[in-house]
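Numbering (the numbering used here), first residue to last: 5 to 475. In this text, a Cβ means the ideal position worked out from N, Cα and C, and glycines have one as well. Heads up, the thing below is written out as structure tokens.
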Amino acid sequence: MAFWAGGSPSIVDYFPSEDFYRCGYCKNESGSRSNGMWAHSMTVQDYQDLIDRGWRRSGKYVYKPVMNQTCCPQYTIRCQPLQFQPSKSHKKVLKKMLKFLAKGEVPKGSCEDEPMDSTMDDGVAGDFALINKLDIQCDLKTLSDDVKESLESEGKNSKKEEPHELLQSQDSVGEKLGSGEPSHSVKVHTVPKPGKGADLSKPPCRKAKEIRKERKRLKLMQQNPAGELEGFQAQGHPPSLFPPKAKSNQPKSLEDLIFESLPENASHKLEVRVVRSSPPSSQFKATLLESYQVYKRYQMVIHKNSPDTPTESQFTRFLCSSPLEAETPPNGPDCGYGSFHQQYWLDGKIIAVGVIDILPNCVSSVYLYYDPDYSFLSLGVYSALREIAFTRQLHEKTSQLSYYYMGFYIHSCPKMKYKGQYRPSDLLCPETYVWVPIEQCLPSLEHSKYCRFNQDPEAETTLFDIQYNVY
């Protein structure tokens, strides 16, 4: 089957649902049901249209739950990054990371933050069993290579482009997220805290910033002795060497919390890199083995897999392979569209990897795995906040890219309900495919697993507007 959305076609093999499989969420042995298709190649616009109709990819397998039949209905959820404000628990995670980076401080006790686990987990195990049973991977891989050769286009010629990376600095948000220099590398000279002098009879120590302001104020007074202070004197205030602080009572933005400056002698250095995974960039290839070892430890410790279960081929198939064609249009993000790995480097080694797709309208989170030794940092929550900030940065150049998709929301699964805490967020109506604020959906989900969120009784199911041919 081929879909056309302009340009190269998307090539897929469709597998209608014929049976029920074991559910990875509630563990029902015959409760999960979904339709699926193996995607040999797919344009980012076609995949954007698909996820806006409740589909989701796992490797090259694209599936959609049969919502009114499956035991655990999975609703597509998206966050609105442009309006996002971190909650108290989110701020707690960000402050915990900053304390660890600055002082090496490790929190005592177990981590009780929301379990921002992978957005693509055991819930699709039954579908993979179907694919393996059909024993078609090898043939599909061969066909996929043939299709790629026949669909060479201008967008593909830029595949070898160096990956877009992220940096924490003191400049603009774009520079913080985009240059690839080590994050938290900006040198900041610490100053004594007020009132901490050895002689308490002396006035408190003053911050360097305040001293600089005073010097600037004095210089301005020398240049214009009368006019500079007129505003304060007119309001009945005595002349002051310090101008009033503006907006001091406003909450810090997400970027302020993430990119807060560290001391010059910080204990650790965190760097975040975004590398293209499909087609694999040189940086991706160079770090593939190290990334796989992190995934293997994650599966063994977090998901209790045996040492021989998470093989490198499984890792590559599910987390590296992607049907999405790399596209780098001039009006798109600098890194282009397609599939990427967002790598978190701590002191020169990978501690976490977020698998993401960058699409025309959104950043879509596919999976997260991390080194279990750093579970105390709540890396799931931290990575989600970084991806939200990354979406905001991409939006600055590509205005239509303004959403962060978090996979599926399952109200009956406690491990998945945390996604609703990233507000504002919307759920996709399974019948009319319109987005509905999650606050309006939750009361209905308390009474029934499967719900139609659109309250308009005259609204009908939206049909695809993609042309396709069947071969």
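- Residues of the same chain with a CB within less than 7 Å of the CB of Pro337, apart from the 5 flanking positions on each side, are Ile362, Leu398, Lys401, Thr402, Leu405 in chain order.
- Its chain contains no residue whose beta carbon lies nearer than 7 Å to that of Gln318 once the 5 sequence neighbours on both sides are disregarded.
- Val278 and Cys339 do touch by the CB rule: their CB atoms are close to 6 Å apart, below 8 Å.
- Residues Gln346, Gly358, Ile360, Val367, Ser369, Tyr408 of the same chain have their beta carbon placed closer than 8 Å to that of Glu391, with the five preceding and five following residues left out of the count.
- Counting C-beta pairs with one atom in each stretch, the region 53 to 65 and the region 25 to 34 have fewer than three that are closer than 8 Å, which means they do not touch.
- Per the Cβ contact rule, the region 62 to 70 is not in contact with the region 89 to 100 (fewer than 3 Cβ pairs under 8 Å).
- Non-local C-beta neighbours of Ser282 in its own chain, meaning closer than 6 Å and more than five positions away in sequence, comprise Ser326, Ser343, ordered along the chain.
- Of the residues Val305, Glu329, Lys300, the one whose Cα lies closest to the Cα of Thr315 is Lys300.
- Within a 10 Å sphere around the beta-carbon of Glu329 sit 16 or more other beta-carbons, which makes this residue buried.
- Around Arg82, the same chain offers Tyr407, Tyr409, Asp430 as residues with beta carbons nearer than 6 Å, after the five sequence neighbours per side are excluded.
- Boundaries cannot be given for Ile306, as no alpha helix (DSSP H) includes it and DSSP labels it neither H nor E.
- Judged by pairs of C-beta atoms under 8 Å, the region 299 to 313 does not touch the region 263 to 272, as fewer than three such pairs exist.
- Here the region 375 to 395 lies against the region 98 to 110, with 3 or more beta-carbon pairs under 8 Å apart.
- Looking from the CA of Pro441, the closest CA among Leu372, Asn458, Glu331, Pro333 belongs to Asn458.
- For Pro284, the three-state secondary structure derived from DSSP is strand.
- Bridge partners of Pro69 according to DSSP: Ser38.
- Spanning the alpha carbons of Glu294 and Asp377 requires a straight line of approximately 15 Å.
- About 23 Å separates the beta carbons of Ser21 and Ser45, which is beyond the 8 Å limit, so they are not a contact pair.
- Cα atoms of Lys353 and His272: separation of roughly 11 Å, rounded to the nearest angstrom.
- Around the beta-carbon of Thr313, fewer than 16 other beta-carbon atoms lie within 10 Å, marking it exposed.
- With fewer than 16 other Cβ atoms inside 10 Å of its own Cβ, Arg216 counts as exposed.
- The C-alpha of Asn269 is placed about 44 Å away from the C-alpha of Gln52.
- In the three-state reduction of the DSSP assignment, Ala388 falls in the helix class, which pools H, G and I.
- Taken in chain order, the unbroken stretches of alpha helix (DSSP H) that lie wholly in the region 357 to 445 and span 4 residues or more are 383 to 401.
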